[in-house]
Amino acid sequence: MSYPLSSPITPGDPTLACQYNNLRLDALYLGKVAADSITLGKLLDSYETNLKLQKLNTAQVVVPASDSDTVSLFIEGYLVQALSNVELPSTSTPNGAGTWYVFANRTAGSTSFTLSVSMSPTELANQRRIGRFYFDGESIVKDSVRTEFSEHLSLLLYLVHPVEAGGRLSLSSGSAISSDISSATSLFYIPHVSNRISLYVPGFGWCLYSFEKLTLSLLGLSASANYDIFVYNDEGELKLSALAWSNDTLRASAYTLQDGIPVMSAAPTYRYLGTIRTLPSGGASADCMDKRFVWNMYNRVDRILKKIESESSWTYSSATWRPLNNNTGNKVEFVLGLSQDPVFLLHTGYLTNSSTGGGALGVALDSPSTTNADMRSFSDIDLTSIFAIYSKLVSAGYHYLQLTEVTSGVGITTFYSFISTLTSFSQWGGLGWLKA
Numbered sequence: 109m110s111y112p113l114s115s116p117i118t119p120g121d122p123t124l125a126c127q128y129n130n131l132r133l134d135a136l137y138l139g140k141v142a143a144d145s146i147t148l149g150k151l152l153d154s155y156e157t158n159l160k161l162q163k164l165n166t167a168q169v170v171v172p173a174s175d176s177d178t179v180s181l182f183i184e185g186y187l188v189q190a191l192s193n194v195e196l197p198s199t200s201t202p203n204g205a206g207t208w209y210v211f212a213n214r215t216a217g218s219t220s221f222t223l224s225v226s227m228s229p230t231e232l233a234n235q236r237r238i239g240r241f242y243f244d245g246e247s248i249v250k251d252s253v254r255t256e257f258s259e260h261l262s263l264l265l266y267l268v269h270p271v272e273a274g275g276r277l278s279l280s281s282g283s284a285i286s287s288d289i290s291s292a293t294s295l296f297y298i299p300h301v302s303n304r305i306s307l308y309v310p311g312f313g314w315c316l317y318s319f320e321k322l323t324l325s326l327l328g329l330s331a332s333a334n335y336d337i338f339v340y341n342d343e344g345e346l347k348l349s350a351l352a353w354s355n356d357t358l359r360a361s362a363y364t365l366q367d368g369i370p371v372m373s374a375a376p377t378y379r380y381l382g383t384i385r386t387l388p389s390g391g392a393s394a395d396c397m398d399k400r401f402v403w404n405m406y407n408r409v410d411r412i413l414k415k416i417e418s419e420s421s422w423t424y425s426s427a428t429w430r431p432l433n434n435n436t437g438n439k440v441e442f443v444l445g446l447s448q449d450p451v452f453l454l455h456t457g458y459l460t461n462s463s464t465g466g467g468a469l470g471v472a473l474d475s476p477s478t479t480n481a482d483m484r485s486f487s488d489i490d491l492t493s494i495f496a497i498y499s500k501l502v503s504a505g506y507h508y509l510q511l512t513e514v515t516s517g518v519g520i521t522t523f524y525s526f527i528s529t530l531t532s533f534s535q536w537g538g539l540g541w542l543k544a
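Residue numbers (the working numbering): 109 to 544.
Right, here's the structure in full:
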């Protein structure tokens with residue numbers, strides 16, 4: 109069958125029924141028959157051009173339009189067109205948390221359209237559903253606003269938005285893996301494997317954002333406290349926030365999982381990035397070999413733990429565990445957001461004894477007067493090296509590993525950190541690493 113079916117006529121020619129019917133088939137079915145084709149009107153039911161939907165304010169959306177950028181669409185067979193912005197009336201704003209559907213409404217005697225919203229997706233008479241958004245009870249979530257066409261494309265393409273977290277928390281403004289920093293008053297989230305981060309958008313899912321460097325001031329944070337660090341989207345600007353723990357080992361508010369990703373409890377738009385701890389002075393943190401106070405949820409790397417006693421040698425004669433050289437400062441401190449990787453510390457030393465006694469070294473978790481080392485040695489032989497090894501999963505929170513020592517109680521044992529006459533060749537102490 110050719111198209112068009114109808115043929116030209118000249119004035120005075122009789123109008124035949126077949127000519128009329130052919131004209132009708134041309135107009136409705138592009139020259140096809142009803143059994144083989146739908147009408148053009150049905151085809152154009154989904155027609156639209158230049159339709160965009162944007163957040164206007166906390167409770168209103170708008171369809172942008174102008175004389176040079178008109179918006180056209182079909183509503184129940186009527187072609188309507190907007191020549192200027194079409195705003196959701198302030199009298200028709202959402203009034204409850206949830207997904208709201210946006211409708212274009214046609215009225216008789218008008219060639220444009222108005223907007224209305226409903227929590228029901230069902231189209232009523234003279235309506236066409238054109239989009240949707242999520243209202244959290246106080247404000248429209250900006251990145252949840254989208255047209256039905258964009259939703260259709262996502263389903264058509266089986267689109268699954270990637271869930272990425274390409275940065276690292278760092279106390280250095282210029283490096284995602286910082287050198288030793290003993291005190292800093294600002295925390296940064298810096299691109300590491302990428303400059304992209306996915307955040308959860310209610311009523312939409314995970315949305316991917318790019319970032320350069322995010323900054324959080326630590327001034328005003330309490331002293332010697334743990335803080336969970338979150339990233340969130342504040343109307344198009346990514347920001348960091350800190351949430352304090354109740355104490356060294358207990359969160360004030362447990363995180364929850366959104367699609368398997370840790371987020372703030374009752375606020376899934378806040379994505380968990382890691383945990384930090386402040387210094388005793390407050391308002392600052394540290395990330396150095398004896399104070400690993402920045403822990404990353406993502407892109408963790410090995411961070412060195414190291415503690416060396418500054419004195420060359422000292423004596424001890426008791427069979428009671430104590431801090432190395434009776435100095436509680438001989439420890440490495442750290443904070444963990446989650447218990448996922450073992451913490452490793454090797455404690456080495458050198459000793460002599462005035463009699464037939466000897467001594468041993470230890471590594472104690474959160475205690476100055478014991479040992480929790482997995483492997484350790486004891487020596488009652490003069491001029492020998494000894495060691496203790498700690499390698500265990502440690503629970504989330506603030507902890508420290510204390511370097512400890514003990515003797516057999518016989519004679520006087522001399523422990524060495526280094527031999528003063530051989531400083532280039534001798535050095536003992538605590539050395540290890542953790543993932544942070």
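Quick reminder that beta carbons are idealized off the backbone N, C-alpha and C, glycines included. None of the values given here were measured: they were computed from a predicted structure.
* To do: Using the Cα positions of threonine 178 and threonine 147, report the straight-line distance between them to the nearest angstrom.
  => Mapped onto the sequence shown, residue 178 falls at position 70. Mapped onto the sequence shown, residue 147 falls at position 39. Answer to the nearest angstrom: the Cα atoms are 26 angstroms apart.
* Distance, serine 373 Cα to glycine 204 Cα -> Sequence index remark: in the sequence shown, residue 204 carries index 96 (1-based). Sequence index remark: in the sequence shown, residue 373 carries index 265 (1-based). Computed Cα separation, rounded: 21 angstroms.
* Asked: Is the stretch 236 to 244 touching the stretch 271 to 284 in the sense that three or more CB pairs, one from each, lie closer than 8 angstroms?
  -> No, the stretch 271 to 284 does not touch the stretch 236 to 244.
* Among the residues of its own chain, which have a CB less than 7 angstroms from the CB of alanine 427, if the five just before and after it don't count? -> Numbered from its first residue, the sequence shown carries residue 427 at position 319. Counting only residues of its own chain and dropping the five nearest sequence neighbours on each side, alanine 427 has a CB closer than 7 angstroms to the CB of Val514, Thr515, Ser516 and Gly517.
* threonine 215 (DSSP reduced to helix, strand or coil) -> By 1-based counting over the sequence shown, the position of residue 215 is 107. Here threonine 215 sits in coil by DSSP.
* Close-in-space but distant-in-sequence residues of the same chain around serine 224 (CB under 6 angstroms, 5 per side omitted) -> In the sequence shown, residue 224 corresponds to position 116, counting from 1. Sequence-distant Cβ neighbours of serine 224 in its own chain, meaning closer than 6 angstroms and more than five residues away, are Ser200, Phe211 and Asn213.
* In angstroms with no decimal places, state the Cα-to-Cα distance between tryptophan 403 and leucine 509. => As a first step, residue 403 is located in the sequence shown; it is residue number 295 there, counting from the start. As a first step, residue 509 is located in the sequence shown; it is residue number 401 there, counting from the start. Going by C-alpha positions, tryptophan 403 is about 17 angstroms away from leucine 509.
* Cα-Cα separation, threonine 357 to threonine 386 -> What you label residue 357 is simply residue 249 of the sequence shown in a count that begins at 1. What you label residue 386 is simply residue 278 of the sequence shown in a count that begins at 1. Pairing threonine 357 with threonine 386, the inter-Cα distance amounts to about 14 angstroms.
* To do: Reducing DSSP to helix, strand and coil, say where arginine 132 ends up.
  => Here residue 132 refers to the residue found at position 24 of the sequence shown. Reduced to three states, the DSSP call for arginine 132 is helix.
* To do: Could you have a look at histidine 269 and say whether DSSP puts it in helix, strand or coil?
  => Start at 1 with the first residue of the sequence shown, and residue 269 comes out as number 161. Three-state DSSP puts histidine 269 in coil, outside helix and strand.
* Between the C-alpha atoms of isoleucine 494 and arginine 411, what's the straight-line distance to the nearest angstrom? -> Sequence index remark: in the sequence shown, residue 494 carries index 386 (1-based). Sequence index remark: in the sequence shown, residue 411 carries index 303 (1-based). Rounded to the nearest angstrom, the gap between the Cα atoms of isoleucine 494 and arginine 411 is 25 angstroms.
* Specify, as a first and last residue, the run of the beta strand (DSSP E) that serine 393 falls within. => As a first step, residue 393 is located in the sequence shown; it is residue number 285 there, counting from the start. Boundaries of the beta strand (DSSP E) harbouring serine 393: 393 to 396, taken from the DSSP string.
* Could you check what DSSP says for leucine 277 in three-state terms: helix, strand or coil? => By 1-based counting over the sequence shown, the position of residue 277 is 169. Three-state result, leucine 277: strand.
* Asked: For the beta strand (DSSP E) that contains glutamate 345, what are its first and last residues?
  -> Counting from 1 along the sequence shown, the entry for residue 345 is found at position 237. Where glutamate 345 is concerned, the enclosing beta strand (DSSP E) stretches over 345 to 352.
* To do: Please state whether DSSP places threonine 436 in a helix, a strand or coil.
  => For this step, residue 436 is matched to residue 328 along the sequence shown. Threonine 436 carries a coil assignment under DSSP once its states are collapsed to helix, strand and coil.
* To do: Classify glutamate 320 as helix, strand or coil using the three-state DSSP reduction.
  => Looking up residue 320 in the sequence shown gives position 212. Coil.
* If you draw a straight line from the C-alpha of serine 447 to the C-alpha of serine 477, how long is it? -> As a working note, residue 447 is residue 339 in the sequence shown. As a working note, residue 477 is residue 369 in the sequence shown. Those two C-alpha atoms are separated by around 24 angstroms.
* Sequence-distant residues of its chain with Cβ nearer than 7 angstroms to proline 172 (five each side left out) -> Here residue 172 is taken as the residue at index 64 of the sequence shown, counted from 1. If the five residues before and after proline 172 are omitted, its C-beta is found closer than 7 angstroms to the C-beta atoms of Lys160, Gln162 and Asn193, all from its own chain and listed in chain order.
* To do: Pull up the distance between the alpha-carbon of phenylalanine 523 and that of tyrosine 458, whole angstroms please.
  => For the purposes of this step, residue 523 is taken as residue 415 along the sequence shown, with counting starting at 1. For the purposes of this step, residue 458 is taken as residue 350 along the sequence shown, with counting starting at 1. Using only the alpha carbons, I get a separation of about 6 angstroms.
* Sort Asn303, Glu441, Phe296 and Val249 by Cα distance to glutamate 272 and report the nearest one. => Indexing the sequence shown from 1 puts residue 272 at position 164. It is Asn303 whose Cα lies nearest to the Cα of glutamate 272.
* With 16 as the cutoff for other CB atoms within 10 Å, does glutamate 184 come out buried or exposed? -> The residue you call residue 184 lines up with position 76 of the sequence shown. Counting Cβ neighbours within 10 Å, glutamate 184 comes out exposed, since fewer than 16 surround it.
* Asked: So is glutamate 256 buried or exposed if we call it buried at 16+ other beta carbons inside 10 Å?
  -> Looking up residue 256 in the sequence shown gives position 148. By the neighbour-count rule (16 or more Cβ atoms within 10 Å), glutamate 256 is buried.
* Give a yes or no on contact between the stretch 305 to 321 and the stretch 337 to 356, applying the rule of three or more CB pairs nearer than 8 angstroms. => Enough Cβ pairs lie closer than 8 angstroms, so yes.
* histidine 260, DSSP secondary structure in three states -> Taking the sequence shown and counting its residues from 1, one reaches residue 260 at position 152. Note: histidine 260 maps to helix in three-state DSSP.
* Exposed or buried, cysteine 126, counting other C-beta atoms within 10 Å across all chains shown (16 or more means buried)? -> Taking the first residue of the sequence shown as position 1, residue 126 is located at position 18. With fewer than 16 other Cβ atoms inside 10 Å of its own Cβ, cysteine 126 counts as exposed.
* Starting from methionine 372, follow its DSSP beta bridges and name the residues at the other end. => For the purposes of this step, residue 372 is taken as the residue at position 264 of the sequence shown. When beta bridges are read from the DSSP output, methionine 372 appears opposite Ala375.
* Asked: Looking only at DSSP bridge pairs, what is glycine 457 linked to?
  -> Within the sequence shown, numbered from 1, the residue matching residue 457 stands at position 349. Under DSSP, glycine 457 takes part in a beta bridge, and its partners are Ile494.
* Ranges of the beta strand (DSSP E) found wholly within the stretch 138 to 197, counting only runs of at least 3 -> Counting only runs of 3 or more, we get 169 to 171, 179 to 183 and 186 to 190.
* Asked: So, using beta-carbon positions, are alanine 496 and alanine 481 closer together than 8 angstroms?
  -> Here the question's residue 496 lines up with position 388 in the sequence shown. Here the question's residue 481 lines up with position 373 in the sequence shown. The Cβ-Cβ distance between alanine 496 and alanine 481 falls below 8 angstroms.
* Can you name the start and end residues of the beta strand (DSSP E) that glycine 540 belongs to? -> As a position in the sequence shown, residue 540 is number 432, starting the count at 1. Membership of glycine 540 in the beta strand (DSSP E) is indicated by the continuous run 538 to 543.
* To do: Answer with buried or exposed for glycine 245, where buried requires no fewer than 16 other C-beta atoms within 10 angstroms of its C-beta.
  => The residue you call residue 245 lines up with position 137 of the sequence shown. Under the 10 Å beta carbon count, glycine 245 is surrounded by fewer than 16 other beta carbons and is classified as exposed.
* arginine 408 and alanine 544: beta carbons closer than 8 angstroms? -> Reading the sequence shown from its first residue, position 300 is the one you call residue 408. Reading the sequence shown from its first residue, position 436 is the one you call residue 544. The Cβ atoms of arginine 408 and alanine 544 lie closer than 8 angstroms to each other.
* Asked: Which word fits glycine 344, buried or exposed, when buried means at least 16 other C-beta atoms lie within 10 angstroms of its C-beta?
  -> Residue mapping note: residue 344 aligns to position 236 of the sequence shown, counting from 1. Taking all protein chains in view, the Cβ of glycine 344 is surrounded by fewer than 16 other Cβ atoms within 10 Å, so the residue is classified as exposed.
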